[in-house]
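Asker: Provided herewith is a single structure, encoded as structure tokens, for subsequent inquiry.
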Amino acid sequence: MFKQDLGFYLGNEKIDGFSGFVDENNLFLAVEIEAGITPDKGRELTAYVREKIKLIKIENLQQFDVFISNTIKEKNLPSGFSFASGYLKGNIFYLKTINQGKVYIRRNNKMALLIESDQTASGYIKEDDIFIFTFYRFMKLLGDESGLNQKFDHKPISEVIDEITPELLTKDDQGTAALFIKLSKIEEEIRPVNDFFEVPKKINPQQKTLTFVTVFILGVILFWSVGFGYIRRTNENSSKKINLTKDLISQKLSQAEEVSFLNISSALSLIADSKTEANKLKKELGVKSYELSGLEKMINDSENKILKKEEKKYSEFFDLTVDDKDAKGDKLYLNGESLLISDKNKGVLYELSLEKKSLDKDRSSEAKKSTFIALFEEKKYFFVEGVGLYQIVDGKIKKVIENDKDWGKIIDLVVFNGNIYLLDQGKDEIWKYMSAESGFGSKNSYFQSGQSIDLSQVNSLSIDGSIYLAGDMVIFKYTSGLRDGFKVELPGGSVNTSKIFTSKDLEKVYGWDREKGAIYVVGKNGDYLEQVNSKILSTGTDFVVYKNIIYVLQGSKIYKIE
Numbered sequence: 020m021f022k023q024d025l026g027f028y029l030g031n032e033k034i035d036g037f038s039g040f041v042d043e044n045n046l047f048l049a050v051e052i053e054a055g056i057t058p059d060k061g062r063e064l065t066a067y068v069r070e071k072i073k074l075i076k077i078e079n080l081q082q083f084d085v086f087i088s089n090t091i092k093e094k095n096l097p098s099g100f101s102f103a104s105g106y107l108k109g110n111i112f113y114l115k116t117i118n119q120g121k122v123y124i125r126r127n128n129k130m131a132l133l134i135e136s137d138q139t140a141s142g143y144i145k146e147d148d149i150f151i152f153t154f155y156r157f158m159k160l161l162g163d164e165s166g167l168n169q170k171f172d173h174k175p176i177s178e179v180i181d182e183i184t185p186e187l188l189t190k191d192d193q194g195t196a197a198l199f200i201k202l203s204k205i206e207e208e209i210r211p212v213n214d215f216f217e218v219p220k221k222i223n224p225q226q227k228t229l230t231f232v233t234v235f236i237l238g239v240i241l242f243w244s245v246g247f248g249y250i251r252r253t254n255e256n257s258s259k260k261i262n263l264t265k266d267l268i269s270q271k272l273s274q275a276e277e278v279s280f281l282n283i284s285s286a287l288s289l290i291a292d293s294k295t296e297a298n299k300l301k302k303e304l305g306v307k308s309y310e311l312s313g314l315e316k317m318i319n320d321s322e323n324k325i326l327k328k329e330e331k332k333y334s335e336f337f338d339l340t341v342d343d344k345d346a347k348g349d350k351l352y353l354n355g356e357s358l359l360i361s362d363k364n365k366g367v368l369y370e371l372s373l374e375k376k377s378l379d380k381d382r383s384s385e386a387k388k389s390t391f392i393a394l395f396e397e398k399k400y401f402f403v404e405g406v407g408l409y410q411i412v413d414g415k416i417k418k419v420i421e422n423d424k425d426w427g428k429i430i431d432l433v434v435f436n437g438n439i440y441l442l443d444q445g446k447d448e449i450w451k452y453m454s455a456e457s458g459f460g461s462k463n464s465y466f467q468s469g470q471s472i473d474l475s476q477v478n479s480l481s482i483d484g485s486i487y488l489a490g491d492m493v494i495f496k497y498t499s500g501l502r503d504g505f506k507v508e509l510p511g512g513s514v515n516t517s518k519i520f521t522s523k524d525l526e527k528v529y530g531w532d533r534e535k536g537a538i539y540v541v542g543k544n545g546d547y548l549e550q551v552n553s554k555i556l557s558t559g560t561d562f563v564v565y566k567n568i569i570y571v572l573q574g575s576k577i578y579k580i581e
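Following this line, the structure appears as structure tokens:
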């Protein structure tokens with residue numbers, strides 16, 4: 020029986036490609052797909068292989084070859100994929116490579132290539148053998164066998180990976196991968212079996228009774244000895260499995276923290292692998308053993324550190340019931356330090372100074388039907404579907420833009436530099452109305468020719484000079500009507516942005532996922548910065564940001580998260 024010491028290196032993730040690993044039921048697989056697959060689809064592939072190997076029994080090299088070949092056919096992999104794989108049965112390793120795949124062995128301090136390209140092989144393993152499942156590009160970056168072999172020098176695998184990581188991060192390691200396995204023999208304890216009973220040649224009744232009593236007592240002793248011995252060995256085995264899994268997860272988490280600065284997707288992939296290993300142990304040993312191991316806390320702490328994820332407290336900032344005990348806010352809009360709050364039920368627009376906490380209000384029966392609000396200087400605006408856009412100045416109300424038959428479905432409103440912007444999801448348009456002395460000019464498309472996109476997944480608009488659009492799994496940026504090279508990688512899988520917010524006074528962009536109770540913060544170049552979590556973000560109805568403080572509306576109250 021062999022103990023498996025595992026380690027791996029995963030390079031920067033490709034947008035149109037995937038690299039990953041499988042370590043399940045003695046199957047070891049490194050995958051490299053150059054193009055034609057998204058990272059999410061790649062992770063679906065490795066999850067599929069993990070589940071499939073649990074259901075199949077492999078007895079020889081031919082069966083292993085068929086298993087790999089069938090997997091490729093079933094998942095219809097794109098051209099340009101490569102595998103480096105092995106299956107350990109007892110003391111025999113079955114190996115298979117495809118395309119750029121390579122399998123190396125390090126034995127007696129010497130490294131040799133076993134198979135590459137489209138080859139299979141099998142052989143007996145020895146104690147302290149090290150197998151490397153990798154690909155052509157990884158070896159090239161390290162100077163082939165001699166370059167990698169020099170890194171070992173009697174070091175454990177974790178130290179080897181720690182040494183090569185900084186070197187590879189300075190190179191073009193995008194899409195590279197390598198899986199390391201060291202096999203060490205586990206000494207099995209051999210326990211002697213003793214004879215407990217002798218049969219006498221002649222037994223009288225008293226001796227017979229005594230013998231039965233003795234047999235019964237010895238039987239009880241034997242039962243408890245065997246029982247306690249079994250429990251002890253079970254606990255010892257459980258402890259070994261927990262420690263082995265802890266070591267593997269610790270290594271994955273360490274590498275995740277190292278690569279997170281350059282590649283958040285690769286870091287999250289390593290976190291996901293760690294959770295898979297922990298869940299596997301949980302199923303095998305039971306919840307109690309799993310909880311005692313502390314693995315869940317270790318993974319969560321690392322994930323929160325990588326994502327800069329923090330649960331923030333919130334506090335009450337203002338309550339509209341100081342004006343009306345039945346007040347209830349619906350929407351927020353920020354202009355400078357002035358916060359506009361709509362109360363549709365009352366037909367009231369409140370203007371709150373965030374610096375002075377002073378409150379003014381305007382009332383209008385038309386505002387009871389408003390869907391969106393805006394504020395610019397002393398002018399308040401509200402939009403009524405099917406009617407048009409109203410303006411309030413010094414308490415006087417007038418309609419400034421009539422309902423337009425060319426409109427489709429207006430879903431957001433922003434005023435910037437006095438100009439009106441309407442987000443029209445139905446027509447895939449942003450309508451811009453230029454400010455004029457007598458009101459507003461006729462509408463024009465904000466988009467330059469050929470720059471409009473499908474807005475069916477978009478539900479929010481924000482402007483700081485450039486325009487930001489966000490919604491279900493999408494964030495776009497436009498400048499002067501042209502699509503910007505703005506790319507955001509948000510952690511945590513699917514993110515449904517309920518609202519996006521920024522301003523010319525802020526250096527960051529804030530995306531709110533109400534379902535997750537989180538606000539994702541990115542730079543204006545798209546770089547992920549942090550994740551803010553708070554209970555109020557799951558129950559609030561709107562938010563804005565002023566001087567890096569998040570203000571959240573819930574009912575009559577406005578809360579702040581600092």
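At position 325 of the sequence shown the residue is numbered 344 (the working numbering), and the sequence of numbers has no breaks.
We put the CB at the ideal spot given by N, CA and C, even for glycine.
Is it the case that the Cβ atoms of residue 466 and residue 420 are separated by a distance below 9 Å?
Answerer: Here residue 466 refers to the residue found at position 447 of the sequence shown. Here residue 420 refers to the residue found at position 401 of the sequence shown. Contact: no.
Asker: To the nearest whole angstrom, what separates the beta carbons of residue 452 and residue 436, a pair I think is in contact under 8 Å?
Answerer: Translated into the one-based positions of the sequence shown, residue 452 becomes position 433. Translated into the one-based positions of the sequence shown, residue 436 becomes position 417. That belief does not hold up - the Cβ atoms of residue 452 and residue 436 are roughly 12 Å apart, past 8 Å.
Asker: Assign residue 519 to one of three DSSP states: helix, strand, or coil.
Answerer: One-based indexing of the sequence shown puts residue 519 at position 500. Here residue 519 sits in strand by DSSP.
Asker: Am I right that residue 48 and residue 40 are in contact with their C-beta atoms under 8 Å? What's the rounded C-beta distance?
Answerer: Walking along the sequence shown from the start, residue 48 turns up at place 29. Walking along the sequence shown from the start, residue 40 turns up at place 21. At roughly 7 Å, the Cβ-Cβ gap stays under 8 Å, so residue 48 and residue 40 are in contact.
Asker: Quick one: is residue 478 buried, meaning 16 or more other Cβ sit within 10 Å of its Cβ, or exposed?
Answerer: For the purposes of this step, residue 478 is taken as the residue at position 459 of the sequence shown. Answer is buried; the Cβ neighbour count reaches 16.
Asker: Where residue 109 and residue 122 are concerned, what is the direct C-alpha to C-alpha distance, given to the nearest angstrom?
Answerer: Counted from its first residue, the sequence shown places residue 109 at position 90. Counted from its first residue, the sequence shown places residue 122 at position 103. About 19 Å.
Asker: Measuring CA to CA, which of 106, 266 and 162 is closest to residue 178?
Answerer: On the sequence shown, residue 178 is found 159 positions in, with the first residue counted as 1. That would be 266, whose Cα lies nearest to the Cα of residue 178.
Asker: Quick one: Cα of residue 379 to Cα of residue 56, how far?
Answerer: Walking along the sequence shown from the start, residue 379 turns up at place 360. Walking along the sequence shown from the start, residue 56 turns up at place 37. In a straight line, the C-alpha of residue 379 is about 55 Å away from that of residue 56.
Asker: Excluding sequence positions up to five away, which residues of its chain have a Cβ less than 6 Å from the Cβ of residue 331?
Answerer: In the sequence shown, the residue the question calls residue 331 occupies position 312. Taken in chain order, the residues that qualify are 551, 553 and 580.
Asker: Hey, residue 180 and residue 270: beta-carbon distance below 9 Å or not?
Answerer: Sequence index remark: in the sequence shown, residue 180 carries index 161 (1-based). Sequence index remark: in the sequence shown, residue 270 carries index 251 (1-based). A contact, by the Cβ cut-off of 9 Å.
Asker: Can the beta-carbon of residue 486 be found closer than 9 Å to that of residue 429?
Answerer: As a position in the sequence shown, residue 486 is number 467, starting the count at 1. As a position in the sequence shown, residue 429 is number 410, starting the count at 1. No, Cβ-Cβ distance for residue 486 and residue 429 is not below 9 Å.
Asker: Relative to the alpha-carbon of residue 348, which residue among 263, 482 and 371 has its alpha-carbon at the smallest distance?
Answerer: Stepping through the sequence shown from its first residue, residue 348 is reached at position 329. The candidate whose alpha carbon is nearest that of residue 348 is 371.
Asker: Could you pull the start and end residues of the beta strand (DSSP E) that residue 386 belongs to?
Answerer: Looking up residue 386 in the sequence shown gives position 367. Taken as a continuous stretch (DSSP letters only), residue 386 belongs to no beta strand (DSSP E), as it is neither H nor E.
Asker: Taking 6 Å as the limit between beta carbons, can you name the residues of its chain near residue 105, skipping five residues before and five after?
Answerer: Within the sequence shown, the letter at position 86 stands for residue 105. Result list for residue 105: 47, 112 and 114, in chain order.
Asker: Give the secondary structure of residue 25 by DSSP, where H, G and I count as helix, E and B as strand, and everything else as coil.
Answerer: As a working note, residue 25 is residue 6 in the sequence shown. Strand, per DSSP.
Asker: Put residue 153 into one of helix, strand or coil per three-state DSSP.
Answerer: Your numbering for residue 153 matches position 134 in the sequence shown. Strand, per DSSP.
Asker: By the 10 Å Cβ neighbour count, where 16 or more other Cβ atoms means buried, how is residue 410 classified, buried or exposed?
Answerer: On the sequence shown, residue 410 is found 391 positions in, with the first residue counted as 1. So residue 410 counts as buried.
Asker: When the Cα of residue 359 is compared with those of 525, 572, 103 and 51, which residue comes out closest?
Answerer: As a first step, residue 359 must be located in the sequence shown, where it is residue number 340. Comparing Cα-Cα distances from residue 359 to each of 525, 572, 103 and 51, the minimum goes to 572.
Asker: Taking residue 130 as part of the beta strand (DSSP E), name the residues at either end of that continuous run.
Answerer: Here residue 130 corresponds to residue number 111 of the sequence shown, with the count starting at 1. First-last of the beta strand (DSSP E) with residue 130: 129-135.
Asker: Buried or exposed: residue 211, going by 16 or more other Cβ atoms within 10 Å of its Cβ?
Answerer: In the sequence shown, residue 211 corresponds to position 192, counting from 1. Any reading at residue 211 must be qualified, since the residue scores a pLDDT of 46, below 50, and its modelled position is unreliable; no value is offered.
Asker: With a threshold of 7 Å on Cβ separation, who are the neighbours of residue 23 within its own chain once the five nearest residues in sequence on each side are excluded?
Answerer: Sequence index remark: in the sequence shown, residue 23 carries index 4 (1-based). Cβ neighbours of residue 23 beyond the five flanking positions: 200 and 202.
Asker: Is residue 343 closer than 9 Å to residue 367 when the C-beta atoms are compared?
Answerer: Walking along the sequence shown from the start, residue 367 turns up at place 348. Walking along the sequence shown from the start, residue 343 turns up at place 324. In contact: residue 367 and residue 343 (Cβ atoms closer than 9 Å).
Asker: Taking Cβ to Cβ, would you say residue 164 is nearer than 9 Å to residue 131?
Answerer: Locating residue 164 in the sequence shown gives position 145, counting from the first residue. Locating residue 131 in the sequence shown gives position 112, counting from the first residue. In contact: residue 164 and residue 131 (Cβ atoms closer than 9 Å).
Asker: By a C-beta neighbour count over all protein chains shown, 10 Å radius and 16 as the cutoff for buried, is residue 455 buried or exposed?
Answerer: Taking the first residue of the sequence shown as 1, we reach residue 455 at position 436. Flag for residue 455 reads exposed.
Asker: Taking the alpha-carbon positions, what's the residue 399 to residue 506 distance?
Answerer: As a first step, residue 399 must be located in the sequence shown, where it is residue number 380. As a first step, residue 506 must be located in the sequence shown, where it is residue number 487. When rounded, the distance between both Cα atoms is 34 Å.
Asker: Where do the ends of the alpha helix (DSSP H) carrying residue 184 lie?
Answerer: The count along the sequence shown starts at 1 and reaches residue 184 at position 165. Start and end: 176-188.
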